[in-house]
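One structure is given here, and the rest of the page talks about it.
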Amino acid sequence: MSKNTDVMLNEDIDFPEVRCIGDDGEQYGLISSSEALKIAEEKGVDLVLIAPDAKPPVCKVMDYGKFRYQQEKKLKEAKKKQKQIEIKEIKLSVKIAINDINYKVKHAKEFLSENKHVRFRVFLRGREVSEPQVGFEVLNKVASMLEEVANVDKDYKIEGRYVNMLVTPKK
Numbered sequence: 366m367s368k369n370t371d372v373m374l375n376e377d378i379d380f381p382e383v384r385c386i387g388d389d390g391e392q393y394g395l396i397s398s399s400e401a402l403k404i405a406e407e408k409g410v411d412l413v414l415i416a417p418d419a420k421p422p423v424c425k426v427m428d429y430g431k432f433r434y435q436q437e438k439k440l441k442e443a444k445k446k447q448k449q450i451e452i453k454e455i456k457l458s459v460k461i462a463i464n465d466i467n468y469k470v471k472h473a474k475e476f477l478s479e480n481k482h483v484r485f486r487v488f489l490r491g492r493e494v495s496e497p498q499v500g501f502e503v504l505n506k507v508a509s510m511l512e513e514v515a516n517v518d519k520d521y522k523i524e525g526r527y528v529n530m531l532v533t534p535k536k
C-alpha cells in the first residue's frame with residue numbers, strides 16, 4: 366500500500382491477471398500485473414489499483430500524484446459549498462421579567478433575520494430542577510413571540526439543569 370492512503374500502487378499490485386486501462390482511456394485488456402507495471406514504467410507513470418473487488422481487478426496507468434491532487438481539489442470545492450449552520454444561544458432564567466424576555470426575543474429576531482438558528486436555554490436552579498414545567502412556561506412565552514418569524518424546530522428538551530428549545534428562521 367502507498368503511504369498514508371489505502372490505494373495500492375505499482376509493486377504492491379500482485380494479481381495473476383488484471384484488466385489494465387490507460388490514462389487516456391486506452392484498453393490494454395487482460396494482462397498480468399507485471400506486464401501492466403512494465404507499461405506504466407515505460408510511460409513514466411504509476412500503476413494504480415482502482416477496482417480491487419472486480420473480477421479480474423482493474424488497474425489504471427496514470428500519474429498518481431496528479432490524480433491525488435485533483436481528488437483533494439474536489440474535496441476542498443465540496444467543503445466550500447457546504448453550508449455551515451451557526452447556532453446562537455440565548456440563556457434565560459425561570460424568574461425572568463417580561464421586559465427582559467422582550468429584549469432577548471429582539472436579539473433572537475436579529476439572529477433569525479441573519480439566517481442563524483437560535484437555541485433558548487432556561488437554567489433551572491435548586492428545586493426548579495424537580496419542576497421543569499416552569500422552564501416550559503418561559504419557553505412558551507418566547508415561542509409565542511417568535512411565531513411569525515421562526516419555526517420551533519425541536520420541542521423542549523431537558524438536559525441536566527437546562528430546558529432547551531431550538532428555533533430556526535422561516536423560509
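Numbering (my numbering), first residue to last: 366 to 536.
For glycine and all other residues, C-beta sits at the position ideal for the given N, C-alpha and C.
Considering only the beta carbon of each residue, do residue i and residue j sit closer than 7 Å?
{"i": "aspartate 411", "j": "tyrosine 429", "result": "yes"}
{"i": "arginine 484", "j": "leucine 531", "result": "yes"}
Once you ignore the five residues that flank residue i on each side, which residues in its own chain have a CB closer than 7 Å to its CB?
{"i": "valine 459", "result": "Val487, Leu489, Glu493, Val499, Gly500 and Val503"}
{"i": "glutamine 392", "result": "Ile386"}
{"i": "lysine 535", "result": "Val514, Ala515 and Asn516"}
{"i": "valine 470", "result": "Val507, Met510 and Leu511"}
{"i": "leucine 395", "result": "Glu382, Arg384 and Pro421"}
{"i": "lysine 408", "result": "Val426"}
{"i": "isoleucine 463", "result": "none"}
{"i": "methionine 366", "result": "Residue placement at methionine 366 is flagged as unreliable, the pLDDT there being 46, under the threshold of 50; the coordinate-derived value follows with that caveat. Excluding residues within five positions, the ones whose Cβ falls inside 7 Å are Met373 and Asp377."}
For residue i, which residues of its own chain have a beta-carbon under 8 Å away from its beta-carbon, when the five flanking residues on both sides are left out?
{"i": "isoleucine 466", "result": "Leu457, Val503, Lys506, Val507 and Met510"}
{"i": "tyrosine 434", "result": "none"}
Among the options, which one has its Cα closest to the Cα of residue i?
{"i": "aspartate 389", "options": "Ile378, Ala405, Gln449 and Ala515", "result": "Ala405"}
{"i": "glutamate 524", "options": "Ser495, Glu442 and Lys441", "result": "Ser495"}
{"i": "leucine 374", "options": "Phe432, Lys420, Gly394 and Val528", "result": "Phe432"}
{"i": "glutamate 376", "options": "Ile396, Leu402 and Gly394", "result": "Leu402"}
{"i": "lysine 420", "options": "Glu442, Pro381 and Val413", "result": "Pro381"}
{"i": "glutamine 533", "options": "Arg526, Lys446 and Lys474", "result": "Note on residue identity: the sequence assigns threonine, not glutamine, to residue 533. With distances taken between Cα atoms, threonine 533 lies closest to Lys474."}
{"i": "glycine 491", "options": "Gln436, Glu437, Arg526 and Tyr434", "result": "Arg526"}
{"i": "isoleucine 455", "options": "His472, Val372 and Glu442", "result": "His472"}
Could you name the residues of the same chain whose beta carbon sits closer than 6 Å to that of residue i, not counting the 5 residues immediately before and after it, in chain order?
{"i": "isoleucine 415", "result": "Val423 and Lys425"}
{"i": "valine 528", "result": "Val487, Pro497, Gly500 and Tyr521"}
{"i": "lysine 445", "result": "none"}
Would you call residue i buried or exposed, if buried means 16 or more other Cβ atoms sit within 10 Å of its Cβ?
{"i": "isoleucine 378", "result": "buried"}
{"i": "serine 398", "result": "buried"}
{"i": "asparagine 369", "result": "Low per-residue confidence applies at asparagine 369: pLDDT is 49, beneath 50, and the placement is therefore not dependable enough to give any value."}
Assess contact between the region 381 to 388 and the region 424 to 439, defined as three or more Cβ pairs (one per stretch) separated by less than 8 Å. Is contact present? yes
Using 8 Å as the Cβ pair cut-off and three pairs as the minimum, do the region 474 to 485 and the region 443 to 458 touch? yes
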